[in-house]
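The letter at position 63 of the sequence shown is residue 63 when you use full-length UniProt numbering, and the numbering goes up by one with no holes.
Glycine included, every Cβ here is placed at the ideal spot set by N, Cα and C.
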Amino acid sequence: MTANPANIPESKKPDRIWYGNLCIKFNSDGGLTPAELRIIRLLLEGYKSGQIATRNFRSIKTISAQKGKAFKRLGVRNDATLLQTLLLRGIVSVYTGRNQFHKTTLSEAGLS
1 MTANPANIPE SKKPDRIWYG NLCIKFNSDG GLTPAELRII RLLLEGYKSG QIATRNFRSI
61 KTISAQKGKA FKRLGVRNDA TLLQTLLLRG IVSVYTGRNQ FHKTTLSEAG LS
């Protein structure tokens with residue numbers, strides 16, 4: 001299921017992304033630059049490279065280069081393995097519920 005960026009409000013806290021009752025929380029920057037981290041966050045929110053370029057007033061080539069560098073640093077092979085890699089490296093955690101945080105395992109998230 002692809003997220004529609006138009007329907008995803010900006011998270012109130014910069015270290016969290018909300019999808020209804022599901023929360024992706026950043027635990028660390030994973031050794032990424034602020035620009036690379038911003039791109040990773042927007043990818044997790046469902047934006048495509050062209051949309052990220054427009055939103056950040058950058059060329060698609062620049063965004064693609066930064067995305068490639070970030071993926072290489074993280075050991076991510078493609079977009080489909082991004083969240084799984086971030087979870088396995090402990091860079092992000094997945095929680096459910098807005099009032100109580102319950103750490104979701106990889107199997108509960110359908111990623112194992």
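Helix or strand or just coil, what does DSSP make of residue 96?
Note: residue 96 maps to strand in three-state DSSP.
Rounded to the nearest angstrom, how far is the Cβ of residue 27 from that of residue 93, given a contact under 8 Å?
Their Cβ separation, rounded to whole angstroms, is 6 Å, which keeps residue 27 and residue 93 in contact under 8 Å.
Expressed to the nearest angstrom, what Euclidean distance is found between the alpha-carbon atoms of residue 36 and residue 74?
Cα to Cα, the separation comes out at about 11 Å.
Residues in its own chain within less than 6 Å of residue 40 by CB, not counting five upstream and five downstream?
So the qualifying residues of the chain are 70.
Could you compute how far the alpha carbon of residue 91 sits from the alpha carbon of residue 50?
Going from the Cα of residue 91 to the Cα of residue 50 covers about 25 Å.
Return helix, strand or coil for residue 16, following the three-state DSSP convention.
In this structure, residue 16 counts as strand in the three-state DSSP scheme.
Go ahead and pull the three-state DSSP assignment for residue 71.
Residue 71: helix per DSSP, three-state reduction.
Looking at the structure shown, is residue 3 part of a helix, part of a strand, or coil, going by DSSP?
Here the model assigns residue 3 a pLDDT of 47, short of 50, so the residue's position is not dependable and the matter cannot be decided.
To the nearest angstrom, report how far apart residue 76 and residue 42 are at their CA atoms.
Roughly 16 Å separates the two Cα atoms.
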